[in-house]
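Written below as structure tokens is the structure these notes are about.
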Amino acid sequence: MSGIDGLLLDIDGVLAVSWEPLPGAMQAMASLRADGVPLRLITNTTTHARRDLAATLRGAGFVVETDEIVTAVTATASYLREHHAGGRAFVLTDGAPDEDLAGVPIAGSPQEADVIVIGGASDSFTYETMNGIFRRLMDGAALVGMHRNLYWKTSQGWELDGGAYIAGLEEASGTSAVICGKPSPRYFQTALDLLGVPAARAAMVGDDITNDIEGARAAGMTGVLVRTGKFREEDLTKGSPDAVLDSLADVPGWLRGA
Numbered sequence: 167m168s169g170i171d172g173l174l175l176d177i178d179g180v181l182a183v184s185w186e187p188l189p190g191a192m193q194a195m196a197s198l199r200a201d202g203v204p205l206r207l208i209t210n211t212t213t214h215a216r217r218d219l220a221a222t223l224r225g226a227g228f229v230v231e232t233d234e235i236v237t238a239v240t241a242t243a244s245y246l247r248e249h250h251a252g253g254r255a256f257v258l259t260d261g262a263p264d265e266d267l268a269g270v271p272i273a274g275s276p277q278e279a280d281v282i283v284i285g286g287a288s289d290s291f292t293y294e295t296m297n298g299i300f301r302r303l304m305d306g307a308a309l310v311g312m313h314r315n316l317y318w319k320t321s322q323g324w325e326l327d328g329g330a331y332i333a334g335l336e337e338a339s340g341t342s343a344v345i346c347g348k349p350s351p352r353y354f355q356t357a358l359d360l361l362g363v364p365a366a367r368a369a370m371v372g373d374d375i376t377n378d379i380e381g382a383r384a385a386g387m388t389g390v391l392v393r394t395g396k397f398r399e400e401d402l403t404k405g406s407p408d409a410v411l412d413s414l415a416d417v418p419g420w421l422r423g424a
């Protein structure tokens, strides 16, 4: 595909599912690197710090460096430091992303927070906690979402994600959340800056028609949808990808114009 000088690759659903490499993904990344194509790996995953993500991917067989990864957590931390400096944030998310939230004051409960931050869903999303968050939002706290993912696919099947809870909190409280991860234009621009390629000459490869493809296209990029991960055929009626490929394995050939 002439005119594309760099790629953003979604991790979950494009490189791997539940950290198990998808067929041909490692070989495709190796081929792209051999062709000199700049890459950045992007994710709305909130479970792991960037350093741990890189180590996990290397353990699965991928060649990747920590600074090649852009996460929703690091984007959220940047936003909080810039727009809520000194404000206490109650962070509800899966995993333990403290390392990538360095410099952000953390509240121990919703009642102590100036900002409510919602990340990936987990068993900690109980009624008691969500109702406490709702009450604090009604009292004026700001609402920030690491992403708007409604669901995702694991090795165990489909699972609800944090975006479903954000939508409910917005509707109930009348508050609009600021979203820091995909499909936020802020997130894609951060990734492009690290990639070193302008939007018009970069492509996003993803399995999520809304967060990956339409988000990237709104930021001025080419959107390449792959039929892996959370992809479903009906997704093709929900957006306008510039290309639809079976998997990441097809991207090197597509990029060469084959």
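Count along the sequence shown starting at 1, add 166, and that's the number in this note's numbering. Beta carbons are placed, not taken as given, at the ideal position from N, Cα and C, and that holds for glycine. Please read all numbers here as calculations on a predicted model, not as lab measurements.
Please tell me whether residue i and residue j are closer than 7 Å, where the distance is taken between their beta carbons.
i	j	result
residue 437	residue 234	An answer regarding residue 437 cannot be provided, because it is not within the stretch 167 to 424 covered by the chain.
residue 417	residue 371	yes
residue 212	residue 263	yes
residue 309	residue 282	yes
residue 369	residue 177	no
residue 259	residue 285	yes
residue 366	residue 386	yes
residue 329	residue 349	no
residue 430	residue 379	An answer regarding residue 430 cannot be provided, because it is not within the stretch 167 to 424 covered by the chain.
residue 220	residue 187	no
residue 270	residue 303	no
residue 214	residue 261	yes
residue 407	residue 389	yes
residue 412	residue 396	no
residue 331	residue 324	no
residue 243	residue 266	yes
residue 185	residue 232	no
residue 210	residue 315	yes
Classify residue i: buried if its beta carbon has 16 or more other beta carbons within 10 angstroms, exposed otherwise.
i	result
residue 229	exposed
residue 438	Outside the displayed span of the chain (167 to 424) sits residue 438, for which this structure offers no information.
residue 198	buried
residue 238	buried
residue 289	exposed
residue 326	exposed
residue 201	exposed
residue 274	exposed
residue 398	exposed
residue 383	buried
residue 293	exposed
residue 287	buried
residue 268	exposed
residue 196	exposed
Assuming residue i contacts residue j under a Cβ cut-off of 8 Å, what Cβ separation, rounded to an integer in Å, is found between them?
i	j	result
residue 183	residue 208	No, residue 183 and residue 208 are not in contact; Cβ-Cβ is about 16 Å, not under 8 Å.
residue 279	residue 256	4 Å
residue 394	residue 180	6 Å
residue 402	residue 190	Not really, about 22 Å apart at Cβ, beyond 8 Å.
residue 203	residue 175	Incorrect: roughly 10 Å between the Cβ atoms, too far for contact.
residue 338	residue 291	Going by Cβ atoms, the distance from residue 338 to residue 291 rounds to 15 Å, so no, they are not a contact pair.
Shorter than 7 Å from the beta carbon of residue i to some beta carbon of chain D?
i	result
residue 257	Absence of chain D from the displayed structure is noted, only one protein chain being present.
- Taking three-plus beta-carbon pairs below 8 Å as touching, is the region 296-311 in contact with the region 337-345? Pairwise C-beta distances place the region 296-311 in contact with the region 337-345, as three or more of them are shorter than 8 Å.
- Message: Runs of 4 residues minimum, wholly inside the region 331-384: which ones carry the alpha helix (DSSP H) assignment?
- Response: Correct list: 351-361 and 381-384.
- Message: In chain order, what are the residue ranges of uninterrupted alpha helix (DSSP H) at least 4 long that sit wholly in the region 167-244?
- Response: Here the runs fully enclosed are 191-200 and 216-226.
- Identify every run of the beta strand (DSSP E) within the region 395-422, keeping only runs that are complete inside it and at least 3 residues long; order them along the chain. Correct list: 409-411.
- Report the residue ranges of all alpha helix (DSSP H) runs contained in full by the region 240-323; include only those spanning at least 4 residues, in chain order. List check, alpha helix (DSSP H) in window: 293-304.
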